[in-house]
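Residue numbering for the sequence shown is 1 to 212, as defined by the UniProt record's numbering. C-beta atoms are modelled at their ideal positions from N, C-alpha and C, and glycine is treated no differently. Computed from a predicted model, the values in this text were never measured in an experiment. This report concerns only the one structure given below.
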Amino acid sequence: MVFRAYRSLLLQSPLIPGQNDDTKRFLADLKERALKDTPPECNRTTFTGQVLSQIMNSKSSAAVERLQTLGSSPLVEYFRNRSFQTPAGTVYFDQTGARRSPMSISQYDPMTRQLTVIWTASPLKFGMEQVHEPMWLLGHAPPNAPPCGFNGELCQEQSSGTMVRIGSSVAAAVILLIGAATALEWRRYHCSTKAPAWKATCTWHRRSPPLV
1 MVFRAYRSLL
11 LQSPLIPGQN
21 DDTKRFLADL
31 KERALKDTPP
41 ECNRTTFTGQ
51 VLSQIMNSKS
61 SAAVERLQTL
71 GSSPLVEYFR
81 NRSFQTPAGT
91 VYFDQTGARR
101 SPMSISQYDP
111 MTRQLTVIWT
121 ASPLKFGMEQ
131 VHEPMWLLGH
141 APPNAPPCGF
151 NGELCQEQSS
161 GTMVRIGSSV
171 AAAVILLIGA
181 ATALEWRRYH
191 CSTKAPAWKA
201 TCTWHRRSPP
211 LV
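Written out as structure tokens, the structure reads:
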């Protein structure tokens, strides 16, 4: 009975209370046995093989969703916190029923013309583990942040400093122009009043070439 329930689950047939006779018999059997004992070794192998076949095909996500919708039944508890060996690696179902599969990131090596595994992720661990040194295009790893920062704050600080320097230079140039204009106007005014002390400075003397 337990085997048929597992098979019904993995083949995605309805397993909702009151929907078919197999479900009623399965729930009644669960109440009597409460699944205190582990399934026989032969059935356990069959269960694992069916789980693996479901994981390897396109219907595995639907099987996981069915596990999640069944709630906290003893059948679901059997799958939670368990790992299964597949041709692609270890597949693990966590406490919530979510599936974690092994993952790897490979990089094409133009020298060997093969894919080299750079990072691997185990379903039983969080994060990725580096296996080989990546072949960076620039010869080194890229920076952890963009040149201007993630929100442009670094470029704003540089722009503020640049604007301050430009503003200071413009202000100094304007002050120099005002001072030069004031000096020329003051000289023109004194020359127009014919002040005795300024007569020599108001007349531009042109030196004549010597007579031969």
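If you drop the 5 nearest sequence neighbours on each side, which residues of the same chain put their C-beta closer than 8 Å to that of residue i?
| i | result |
| --- | --- |
| residue 175 | none |
| residue 114 | 108 |
| residue 206 | Unreliable positioning characterises residue 206 in this predicted model, as indicated by a pLDDT of 49, which lies under 50. The coordinate reading is nonetheless provided below. Contacts found: none. |
| residue 149 | 155 |
| residue 45 | Note that residue 45 scores 39 on pLDDT, short of 50, meaning its location in the model is unreliable; the coordinates nonetheless yield the value given after this. There are no such residues. |
Give the C-beta separation of residue i and residue j to the nearest angstrom, bearing in mind that I take them to be a contact with Cβ-Cβ under 8 Å.
| i | j | result |
| --- | --- | --- |
| residue 134 | residue 107 | 6 Å |
| residue 128 | residue 120 | 7 Å |
Among the candidates the options, whose CA atom is the shortest distance from the CA of residue i?
| i | options | result |
| --- | --- | --- |
| residue 118 | 112, 109 and 130 | 130 |
| residue 109 | 103, 183, 132 and 95 | 132 |
| residue 93 | 167, 187, 78 and 163 | 78 |
Would you call the CB atoms of residue i and residue j closer than 8 Å?
| i | j | result |
| --- | --- | --- |
| residue 95 | residue 82 | no |
| residue 154 | residue 147 | yes |
Please return the same chain residues whose Cβ sits closer than 6 Å to the Cβ of residue i, not counting the five positions on each side in sequence.
| i | result |
| --- | --- |
| residue 104 | 117 and 120 |
Could you name the residues of the same chain whose beta carbon sits closer than 7 Å to that of residue i, not counting the 5 residues immediately before and after it, in chain order?
| i | result |
| --- | --- |
| residue 53 | At residue 53 the pLDDT is 49, less than 50, meaning the model places this residue with poor confidence; the figure from the coordinates comes in the next sentence. Contacts found: none. |
Kindly say whether residue i, judged by its beta-carbon, lies nearer than 8 Å to any beta-carbon of chain B.
| i | result |
| --- | --- |
| residue 145 | Among the chains of the structure shown, chain B does not appear; only one protein chain is present. |
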